[in-house]
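Quick note on numbering: full-length UniProt numbering labels position 177 of the sequence shown as 177, and the sequence is numbered without any gaps. Virtual Cβ for every residue (Gly too), placed ideally from N, Cα, C.
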Amino acid sequence: MGNRGMEDLIPLINKLQDAFSCIGQSCNLDLPQIAVVGGQSAGKSSVLENFVGRDFLPRGSGIVTRRPLVLQLVNNQAEYAEFLHCKGRKFVDFDEVRLEIEAETDRITGSNKGISAVPINLRVYSPNVLNLTLIDLPGMTKVAVGDQPVDIEHQIRDMLMQFITKESCLILAVTPANQDLANSDALKISKEVDPQGLRTIGVITKLDLMDEGTDARDILENKLLPLRRGYIGVVNRSQKDIDGRKDIKAALGAERKFFLSHPGYRHIADRMGTPHLQKTLNQQLTNHIRDTLPGLRSKLQSQLLSLEKEVEEYKNYKPDDPTRKTKALLQMVQQFGVDFEKRIEGSGDQVDTAELSGGARINRIFHERFPFELVKMEFDEKELRREISYAIKNIHGVRTGLFTPDLAFEAIVKKQIIKLKEPCLKCVDLVLSELTSLVKKCTGKLGSYPKLREETERIVTTYVRERDIKTKDQVLLLIDIELSYINTNHEDFIGFANAQQRTTAINNKKRVMPNQVIRRGWLTINISIMKGGSKDYWFVLTAESLSWYKDEEEKEKKYMLPLDNLKLRDVEKGFMSTKHTFAIFNTESRNVYKDLRQIELACDTQEDVDSWKASFLRAGVYPEKDQVDSEDTGPAESFSMDPQLERQVETIRNLVDSYIGIVNKSIRDLMPKTIMHLMINSAKDFIHSELLAYLYSCGDQGSLMEESTDQAQRRDEMLRMYHALKEALLIIGDISTTTVSAPVPPPVDDTWRTKEPSPGRCPPS
Numbered sequence: 001m002g003n004r005g006m007e008d009l010i011p012l013i014n015k016l017q018d019a020f021s022c023i024g025q026s027c028n029l030d031l032p033q034i035a036v037v038g039g040q041s042a043g044k045s046s047v048l049e050n051f052v053g054r055d056f057l058p059r060g061s062g063i064v065t066r067r068p069l070v071l072q073l074v075n076n077q078a079e080y081a082e083f084l085h086c087k088g089r090k091f092v093d094f095d096e097v098r099l100e101i102e103a104e105t106d107r108i109t110g111s112n113k114g115i116s117a118v119p120i121n122l123r124v125y126s127p128n129v130l131n132l133t134l135i136d137l138p139g140m141t142k143v144a145v146g147d148q149p150v151d152i153e154h155q156i157r158d159m160l161m162q163f164i165t166k167e168s169c170l171i172l173a174v175t176p177a178n179q180d181l182a183n184s185d186a187l188k189i190s191k192e193v194d195p196q197g198l199r200t201i202g203v204i205t206k207l208d209l210m211d212e213g214t215d216a217r218d219i220l221e222n223k224l225l226p227l228r229r230g231y232i233g234v235v236n237r238s239q240k241d242i243d244g245r246k247d248i249k250a251a252l253g254a255e256r257k258f259f260l261s262h263p264g265y266r267h268i269a270d271r272m273g274t275p276h277l278q279k280t281l282n283q284q285l286t287n288h289i290r291d292t293l294p295g296l297r298s299k300l301q302s303q304l305l306s307l308e309k310e311v312e313e314y315k316n317y318k319p320d321d322p323t324r325k326t327k328a329l330l331q332m333v334q335q336f337g338v339d340f341e342k343r344i345e346g347s348g349d350q351v352d353t354a355e356l357s358g359g360a361r362i363n364r365i366f367h368e369r370f371p372f373e374l375v376k377m378e379f380d381e382k383e384l385r386r387e388i389s390y391a392i393k394n395i396h397g398v399r400t401g402l403f404t405p406d407l408a409f410e411a412i413v414k415k416q417i418i419k420l421k422e423p424c425l426k427c428v429d430l431v432l433s434e435l436t437s438l439v440k441k442c443t444g445k446l447g448s449y450p451k452l453r454e455e456t457e458r459i460v461t462t463y464v465r466e467r468d469i470k471t472k473d474q475v476l477l478l479i480d481i482e483l484s485y486i487n488t489n490h491e492d493f494i495g496f497a498n499a500q501q502r503t504t505a506i507n508n509k510k511r512v513m514p515n516q517v518i519r520r521g522w523l524t525i526n527i528s529i530m531k532g533g534s535k536d537y538w539f540v541l542t543a544e545s546l547s548w549y550k551d552e553e554e555k556e557k558k559y560m561l562p563l564d565n566l567k568l569r570d571v572e573k574g575f576m577s578t579k580h581t582f583a584i585f586n587t588e589s590r591n592v593y594k595d596l597r598q599i600e601l602a603c604d605t606q607e608d609v610d611s612w613k614a615s616f617l618r619a620g621v622y623p624e625k626d627q628v629d630s631e632d633t634g635p636a637e638s639f640s641m642d643p644q645l646e647r648q649v650e651t652i653r654n655l656v657d658s659y660i661g662i663v664n665k666s667i668r669d670l671m672p673k674t675i676m677h678l679m680i681n682s683a684k685d686f687i688h689s690e691l692l693a694y695l696y697s698c699g700d701q702g703s704l705m706e707e708s709t710d711q712a713q714r715r716d717e718m719l720r721m722y723h724a725l726k727e728a729l730l731i732i733g734d735i736s737t738t739t740v741s742a743p744v745p746p747p748v749d750d751t752w753r754t755k756e757p758s759p760g761r762c763p764p765s
């Protein structure tokens, strides 16, 4: 085709607009164009009709232009109009063009003055026009009428901003001469988005309606309120002329005569009028397109490259090809298995930095939540001693026992072991919940095939639930195994001799180093507003104390609280609070901090609360037990023991504590292994080896691999976008941008924007 001249630049942009309008998208490209802005009844529509030389725009009072009108003027021997939404239909009668604009506007916005940002694309071919592309925008208004929303002013402003904020958009600011120019809505909004005036062209209308003895000479000479690209004056037809169907050609002749005969405009008549405005806009839009083409080409190429990879798999796409469906099914199942395993075992790619997920959450259940549930079962000392004394007495019967009976120890131990069933089963339930959630997340990538996703989720979830039942059976079996034989020869068991010498203090000795830091982190201390209000502090928990500082530098210590006689307590979340809370209190009813009997500590999530509780357990701070009713404790309080019975109770108490510690240690070790083997690893093996067979047995493979409408639509849109981008690059490749064009005019003194408003009219020279 060779290199064409710069006169083809505007038709080039028209082609690009059509290419992207056909696919219903702009592809995020800012195509060069001219936006016409101004207040209501400023004469915007009349200026556009003067360009075309025909009456074709809707007329009336109030808001007439209610949708953006993209008007493409094309110089052509024949005269007709075409709408993009009426492909193939040529409008020769311009009255029909007006009716079509009104009908298309009402179709989207309704018939009672509503507005919409969806544009109408109209192309006018005529020998009387120069190549030009303009966007006629709704006039700025202040008051809502009809069924317009009360915020109509802001809606119109937002719509204008969508167009004029783009650097590729020239702004045609239309202001009537019989209005104070300093109060012009068009100039004000253009100054906001184009403070340097690089893109703004001023148009002054209604010069023939100014008060007698005044003119706009200083404005048109760019002396008063100057613009970098200057002002051009035009004279439109009056309402009387429009109602009388005055010919536009005659109106243009009258406009020319007005400028030549007016004493204030005679010397600049060759730079005034609609023909000069059209020619100026043609030149300036052409120059503007030339300046923006290199950036436009780069943006097109980068977007094309970003689509290449995705489009590659769609180029030879055949939706009903059974080979493709089989291949896609295999790939989807394989990918699902890989995703599931990565989420369980952890992976370096696609790491979630917002929250714990997958295997990390299961790990926390194993090593924080489950141990916490076990420790929550800590013995109620009074209740336990009472049970031991009853067991000893019942075993001796009518005789007074001389020795500590083994059977009492065994009975109490078995009773405590049975209590382990509840936290163990709860641990399995928590892991099941995480696995179910994990399966749902992994099937999210199968969203292109809804039936496949649904079946995969159903099959895997059903299998995991089946394994849940077997895992619980195995856990209960572990507890039964512990109950079946009390191994008093265990190497860690203290035995009777040591139990008699061992004291409770030694038994409860902490197993961590005194100065070892167990945890650091931010917590909020909840204090009433009267006492200073809630504050965030940096907390450091060691085996002996809880300290808090001003910040994580740990230089300014606020307080240090010894852990002796402290316990944890759950606190209900406040009505207006979004944080989760727990409390620390002293078992001897002493003040914990200042005059507070307990301090409430708050975290952002329940997970943080559980994690902090687990850390406190390591430090030897346990949760409080539920208070026993006074009537239940009565007999225990009144129950008295002789010294020999007391020694026997103390001995068995130490033996029970030692043996339950061994059992807990064993259960803490075996539970994660059991769950991993019977639930998690089994689920992974099932997905890799059996899931595909289950899917094939579900029924018709065709329906299983039926594509979702969203996916089909996305594929079609991507292919259309890809071809539109390629077409756009071909179009741009035909244009030579070496033609010399006029530079942007130099800057002018625009400090008038910061001064007091000046009148838009001045006496004639």
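message: As an exercise, report each continuous beta strand (DSSP E) stretch of at least 3 residues that is fully enclosed by the stretch 212-289, in chain order.
response: 231-233
query: Candidates 116, 120, 56, 67: which alpha carbon is nearest residue 92's?
result: 56
- prompt: Opposite residue 550 in the DSSP bridges: which residues?
  reply: Looking at the DSSP assignment, residue 550 forms no beta bridge with any residue, so it has no partner.
- prompt: Which two residues bound the contiguous beta strand (DSSP E) that contains residue 463?
  reply: From DSSP, residue 463 is part of no beta strand (DSSP E) but of the alpha helix (DSSP H) over 450-484.
field: Cβ-based neighbour list, residue 196, same chain, cut-off 8 Å, excluding 5 preceding and 5 following
entry: 228, 747
message: Suppose contacts are defined by Cβ-Cβ distances below 8 Å. Is residue 296 in contact with residue 732 by that definition?
response: Yes, the pair counts as a contact, with Cβ atoms nearer than the cut-off.
task: For residue 432, I'd like the list of residues in its chain whose CB is within less than 8 Å of its CB, leaving aside the five on either flank, ordered along the chain.
output: 464, 465, 468, 679
field: contact_flag[the stretch 220-239, the stretch 193-208] where n(CB pairs < 8 Å) is 3 or more
entry: yes
- request: Label residue 86 either buried or exposed according to how many other C-beta atoms from any shown protein chain fall within 10 Å of its C-beta, with 16 as the threshold for buried.
  value: The residue in question, residue 86, is exposed, as its Cβ has fewer than 16 Cβ neighbours within 10 Å.
- request: Check whether the stretch 661-675 touches the stretch 359-377, counting contact only when three or more Cβ pairs, one atom from each stretch, lie closer than 8 Å.
  value: yes
query: Which ranges does the beta strand (DSSP E) cover as unbroken runs of at least 3 residues, wholly within the stretch 158-193, from first to last along the chain?
result: Complete beta strand (DSSP E) runs here, min 3: 169-176.
- prompt: Any contact of the stretch 109-125 with the stretch 72-84, i.e. 3+ C-beta pairs under 8 Å?
  reply: Segment contact: the stretch 109-125 against the stretch 72-84, three or more CB-CB distances shorter than 8 Å; contact assigned.
task: Answer yes or no: do residue 601 and residue 523 have a C-beta to C-beta separation smaller than 8 Å?
output: Residue 523 sits close to residue 601, with the two beta carbons spaced by under 8 Å.
query: Under the rule that 16 or more other beta-carbon atoms within 10 Å means buried, what is residue 14, buried or exposed?
result: buried
query: Residue range of the alpha helix (DSSP H) that residue 803 falls in?
result: Here the chain covers residues 1 to 765 and nothing more, so residue 803 does not appear.
- prompt: Just how far apart, CA to CA, sit residue 597 and residue 568?
  reply: 13 Å
- prompt: What's the call for residue 105, buried or exposed, on a 16-neighbour Cβ count within 10 Å?
  reply: buried
- prompt: Are the beta-carbon atoms of residue 344 and residue 684 separated by less than 8 Å?
  reply: The answer is yes: Cβ separation under 8 Å.
message: Considering only the alpha carbon of each residue, which of 397, 437, 475, 526 lies closest to residue 423?
response: 475
Contact belief for residue 181 with residue 35 at Cβ below 8 Å, rounded distance in angstroms: In fact, because the Cβ distance is near 20 Å, the residues do not count as touching under 8 Å.
message: Does residue 57 come out as helix, strand or coil in the three-state DSSP assignment?
response: coil
field: Min CB distance residue 690 to chain B below 8 Å
entry: Among the protein chains of the structure shown there is no chain B, as only one such chain exists.
query: Which term fits residue 10, buried or exposed, when burial requires 16 or more other beta carbons within 10 angstroms of its beta carbon?
result: buried
task: Check whether the Cβ atoms of residue 446 and residue 704 sit closer than 8 Å, and answer yes or no.
output: no
task: Would you list the one or two residues that DSSP bridges to residue 689?
output: Beta-bridge pairing links residue 689 to no other residue.
- prompt: Distance, Cα to Cα, residue 472 vs residue 690?
  reply: 23 Å
C-beta atoms of residue 687 and residue 460 nearer than 8 Å: yes
task: Report all residues from its chain with a CB closer than 6 Å to the CB of residue 190; omit the five preceding and five following residues, and keep chain order.
output: 171, 173, 200
task: Give every residue of the same chain whose Cβ lies closer than 7 Å to the Cβ of residue 43, excluding the five residues on either side of it in the sequence, and list them in chain order.
output: 174, 176, 205, 206, 236
message: Please classify residue 284 as buried or exposed, where buried requires at least 16 neighbouring CB atoms within 10 angstroms.
response: buried
task: Hey, could you find the ends of the alpha helix (DSSP H) residue 617 is sitting in?
output: 606-618
field: Residue from 212, 566, 281 with nearest C-alpha to residue 589
entry: For residue 589, the closest C-alpha among the options 212, 566, 281 is that of 566.
message: Going by C-alpha to C-alpha distance, which of 139, 101, 726, 654 sits closest to residue 409?
response: When only C-alpha atoms are compared, the closest one is 654.
- request: State buried or exposed for residue 455, treating a residue as buried only when at least 16 other CB atoms are found within 10 Å of its CB.
  value: buried
- request: Helix, strand or coil for residue 494, going by three-state DSSP, please let me know.
  value: coil
field: Residue interval of the alpha helix (DSSP H) (run including residue 126)
entry: Note, residue 126: premise wrong, no alpha helix (DSSP H); beta strand (DSSP E) at 120-126.
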